[in-house]
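K.L.:
Be aware that the sequence shown starts at 13, since it is given in this note's numbering, and climbs by one per residue.
All C-beta atoms in this analysis are idealised placements derived from N, C-alpha and C, irrespective of residue type, glycine included.
Dumping the structure here so I can ask a few things about it.
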Amino acid sequence: MKVILTGATGYVGEGVLMECLDNPEIESVLSVGRHPCGHEHPKLREYIINDFMELDKGDWMLQGYDAVFFCAGISSIGMKEEDYKIISHDIPLHFADILDNKENMTFIYVSGAGNYNHTDQMWVRVKKSTEDALARKGFKGSYNFRPAIMWRYKGQLHIQKMQYVFWALYPVMKLLGLWNTMSEVGRAMIAVSKKGYRVREIEVSDISELAKS
13 MKVILTGATG
23 YVGEGVLMEC
33 LDNPEIESVL
43 SVGRHPCGHE
53 HPKLREYIIN
63 DFMELDKGDW
73 MLQGYDAVFF
83 CAGISSIGMK
93 EEDYKIISHD
103 IPLHFADILD
113 NKENMTFIYV
123 SGAGNYNHTD
133 QMWVRVKKST
143 EDALARKGFK
153 GSYNFRPAIM
163 WRYKGQLHIQ
173 KMQYVFWALY
183 PVMKLLGLWN
193 TMSEVGRAMI
203 AVSKKGYRVR
213 EIEVSDISEL
223 AKS
């Protein structure tokens, strides 16, 4: 499988990238982002861009891939809705729009764990709107990953300070079923891209199940 990945300089994207590079199911990875990801590997190519919204349909660099792992994103904390919407809604939808051969591609969008019935929450409104719009883009499969706490992949470089706080909560979060490893997340993305899944919303327990397949 050949995959396009965004967000490789962020915590989730880097962890998924490293699993892809180590996983024999993956032939090549194209990392698309504004900055180099800091990794080198025979499977890895990088496409450095200034602005995702300036990418055009038919871009030859984005041809010939089987799946997109859209891991780029940002926390909603302290953000205005209009600014958060650009990053978490407009950019992933534009990226989906410019891709060719959608009927043979899987698009995976990293959303987030939470109660999606509470649409009074700004980030829920934006994420749910993005999830619903991606389902209408004509991909072979469109899936929304909703991980909670994730344990780092060995050798990760891009780790925010907040992750150390989350990791300290490991025993409690594991008991609550709100815990995955980065390796599980990456393996689950690969599995759902190859075989599909019974639902589009991939929760923490689904990630654990898919990672074993």
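Would Leu-181 and Ile-161 be called neighbours here (beta carbons separated by less than 8 Å)?
P.N.:
yes
K.L.:
Quick one, which of Ser-217, Ile-89, Ser-100 has its alpha-carbon nearest Thr-142's?
P.N.:
Ser-100
K.L.:
Could you work out which residue in Glu-39, Lys-139, Gly-90 is closest to His-5 when comparing CA atoms only?
P.N.:
Any answer about residue 5 is impossible in this case: the structure gives the chain only from 13 up to 225.
K.L.:
Please give the ranges of any alpha helix (DSSP H) in the region 115-195, keeping only runs that are unbroken, at least 4 residues long and fully inside the region.
P.N.:
134-146, 173-180, 182-187
K.L.:
In the DSSP output, which residue or residues are listed as bridge partners for Glu-213?
P.N.:
Here Glu-213 is bridged, per DSSP, to Asn-156.
K.L.:
Expressed to the nearest angstrom, what Euclidean distance is found between the alpha-carbon atoms of Phe-157 and Glu-213?
P.N.:
6 Å
K.L.:
So, is Met-30 buried or exposed, given that buried needs 16 or more other C-beta atoms within 10 angstroms?
P.N.:
buried
K.L.:
Count the CB pairs spanning the region 128-142 and the region 177-194 that are closer than 8 Å, and state whether there are at least three.
P.N.:
no
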